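Input: a single structure, listed below in structure tokens.
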Amino acid sequence: MTAVPRGFLSLSARVVVNAEAMNMVEAIGNVVRHRKATLVYRLGEKYEIRTVPVISGEALRHAIQAALAEIAGRMGLPVCEWCRRGEFVKHGVRLDEFFKDVKGAGSVDAFKKKADESIYEAERLVVESCVVEDVGGFLVPTGTPVKRTSVLEAGYMVPAVEGGRVMYGFDVQFHVRHAPGAQRIVDKQKQRREEQAQSVYNVESSSAIYAMSLNVELWRIGTYYAERDGRLELHALDDRDKRVRAALLALAAVLNGDVRVGGHWSSYRPLWQLESAVAVFSSPMPISAAPAVDEGYLGETVELARAKAGIYRSALGEGAVSYRVLVLKGPRKLDAEPGKDVEVVDSAPDFMKRLVELGLEYAGAK
Ligand SMILES: [Zn+2]
277 MTAVPRGFLS LSARVVVNAE AMNMVEAIGN VVRHRKATLV YRLGEKYEIR TVPVISGEAL
337 RHAIQAALAE IAGRMGLPVC EWCRRGEFVK HGVRLDEFFK DVKGAGSVDA FKKKADESIY
397 EAERLVVESC VVEDVGGFLV PTGTPVKRTS VLEAGYMVPA VEGGRVMYGF DVQFHVRHAP
457 GAQRIVDKQK QRREEQAQSV YNVESSSAIY AMSLNVELWR IGTYYAERDG RLELHALDDR
517 DKRVRAALLA LAAVLNGDVR VGGHWSSYRP LWQLESAVAV FSSPMPISAA PAVDEGYLGE
577 TVELARAKAG IYRSALGEGA VSYRVLVLKG PRKLDAEPGK DVEVVDSAPD FMKRLVELGL
637 EYAGAK
């Protein structure tokens, strides 16, 4: 049994991303298209529907997990072979190949046997063997399915509102692979039409102020349930503190644009700038940061956190609820009364530093 405090982290941020092609969908002819979604925006006095460029939560989650695999591996934490490669199969394929890293169950059959005995014990075996499965969750479709719901939630990155306008733009960029000498050889040998040395392609690129939204159930990182006398007890892994630190560092790396989100970075490396951010740390209830889509999201988050904490305190007792709001103000205004519950920092590196420190504190880790 362990006494892990029920800490949560909710993060909203704005990033200015210029000339990006991070998240593409199917091509039409020789045009590669950007992912789009239809959103409802509050503009002025009314709501409007807009179809806008977006980056999927899957793309963002993949980036966080890739950063986590890298950081955790370097910290000497367990990371399975497939996560090290950035291929997050997570034992979802029932071949021995994907179970040999699972200590105590090196084959599918051995794992199935464990799962039949106890799904909690089977979950622990996977979580203990890899930090990515611990934080990012997994699903093994064995007879008795064994799964871990992701500790991390990543929302779609969507354009934010600024000055009453949705801030995004699209262009289709024309590109050509110029290879006249090589094309002559192809033509001479009368190769099939699809074998072209020269090629023309178009990429739909976008620029936007993207709003980002991430939630982390801090208390679940490095913890697992075990059945004792018919009851479920929460336990912590020995390396839990390091796991929490690795997860927080991975979030910070993605927020800063230090790791690839999506694809096309070889020639469309986005000009990525973290503009502003707010993180809410809370215990024992999750308190969500306001979406960074709206211009006043920093102040709105502070006011909402205060109001929600007040409601929880009225039910659970004054000392039973704690929260802290960390703000990277950037060029924005913070429309909220100052208080001991709010910490404002001026620079992105300071925000990262405090994000990790407060994250460790609310996770009950050192
Ligand atoms: Zn793994």
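Using our numbering, the first residue of the sequence shown is number 277, and each one after it goes up by one.
C-beta: ideal position from N, C-alpha, C; glycine also.
The structure presented is a predicted model; accordingly, all values stated were derived computationally and were not measured.
DSSP state of residue i mapped onto helix, strand, coil
| i | result |
| --- | --- |
| Arg-326 | strand |
| Ala-512 | strand |
| Leu-428 | strand |
| Leu-631 | helix |
| Val-279 | Val is not the amino acid found at residue 279; the sequence shown has Ala there. Here Ala-279 sits in coil by DSSP. |
| Ser-475 | strand |
| Arg-360 | helix |
| Ser-590 | helix |
| Val-365 | coil |
| Ala-565 | coil |
| Ser-383 | coil |
| Pro-435 | strand |
| Lys-389 | helix |
| Phe-414 | strand |
| Lys-423 | strand |
| Arg-600 | strand |
| Leu-610 | coil |
| Ser-559 | strand |
| Ser-623 | coil |
| Ser-552 | strand |
| Val-520 | helix |
| Arg-507 | strand |
Nearest-angstrom Cα separation, counted from residue j out to residue i
| i | j | result |
| --- | --- | --- |
| Ala-585 | Gly-283 | 14 Å |
| Ser-426 | Ala-596 | 26 Å |
| Leu-415 | Ala-641 | 27 Å |
| Val-479 | Val-407 | 36 Å |
| Val-530 | Ala-581 | 25 Å |
| Glu-579 | Asp-505 | 44 Å |
| Ala-645 | Phe-364 | Residue 645 is absent from the model: the chain starts at 277 and stops at 642. |
| Leu-490 | Arg-496 | 15 Å |
| Ser-405 | Val-378 | 6 Å |
| Asp-517 | Leu-285 | 16 Å |
| Ser-628 | Ala-528 | In the sequence as presented, Ser is not what sits at residue 628; that position holds Met. Those two C-alpha atoms are separated by around 6 Å. |
| Phe-375 | Lys-366 | 9 Å |
| Gly-606 | Asp-622 | 7 Å |
| Gly-333 | Val-537 | 10 Å |
| Tyr-418 | Ile-347 | Note that residue 418 corresponds to Thr in the displayed sequence, not to Tyr. If I take the Cα positions, the gap works out to 30 Å. |
| Arg-507 | Thr-278 | 14 Å |
| Ser-482 | Ile-331 | 11 Å |
| Glu-637 | Gly-320 | 40 Å |
| Ala-553 | Leu-547 | 18 Å |
Paired residues, beta bridge with residue i - DSSP
| i | result |
| --- | --- |
| Asn-294 | Leu-547 |
| Asp-617 | Asp-617 is not bridged to any residue. |
| Gly-445 | Ser-483 |
| Ala-245 | Residue 245 falls outside the range modelled here, since the chain spans only 277 to 642, and no answer is possible. |
| Ile-304 | Val-307 |
| His-338 | Note: His-338 sits in no beta bridge, so no partner. |
| Asn-491 | Ser-286 and Glu-429 |
| Thr-499 | Ala-512 |
| Leu-344 | DSSP, once it has assigned bridges, lists no residue as partnering Leu-344. |
| Leu-319 | Lys-322 |
| Val-452 | Val-476 |
Nearest residue (CA-CA) to residue i, options the options
| i | options | result |
| --- | --- | --- |
| Glu-571 | Pro-435, Ala-348 and Glu-409 | Pro-435 |
| Val-422 | Val-369, Ala-348 and Trp-358 | Val-369 |
| Val-452 | Gln-465, Ala-473 and Gly-439 | Ala-473 |
| Glu-509 | Val-308, Tyr-396 and His-310 | Tyr-396 |
| Val-520 | Glu-633, His-511 and Ser-559 | Glu-633 |
| Arg-608 | Val-479, Glu-551 and Trp-358 | Glu-551 |
| Tyr-317 | Leu-592, Glu-438, Asp-517 and Tyr-544 | Glu-438 |
| Glu-429 | Ser-482, Lys-376, Met-488 and Lys-390 | Met-488 |
| Asp-617 | Val-601, Asp-626 and Phe-627 | Val-601 |
| Tyr-486 | Ser-598, Thr-278, Pro-281 and Glu-296 | Glu-296 |
| Pro-560 | Ala-528, Asp-534 and Tyr-599 | Tyr-599 |
| Lys-322 | Val-403, Arg-441, Arg-290 and Ala-348 | Arg-441 |
| Glu-393 | Ala-342, Ala-502, Phe-557 and Ser-483 | Ala-502 |
| Pro-567 | Asp-410, Pro-281, Val-291 and Ser-475 | Val-291 |
| Pro-281 | Ser-542, Arg-545 and Glu-493 | Glu-493 |
| His-540 | Ala-289, Leu-287 and Met-300 | Met-300 |
| Gly-498 | Arg-400, Met-443 and Ala-289 | Arg-400 |
| His-338 | Ile-304, Val-535 and Cys-356 | Val-535 |
Contact test: residue i Cβ vs ligand 3 heavy atom, cutoff 7 Å
| i | result |
| --- | --- |
| Glu-409 | Absence of ligand 3 from the depicted structure is noted, with ligand 1 being the only ligands included. |
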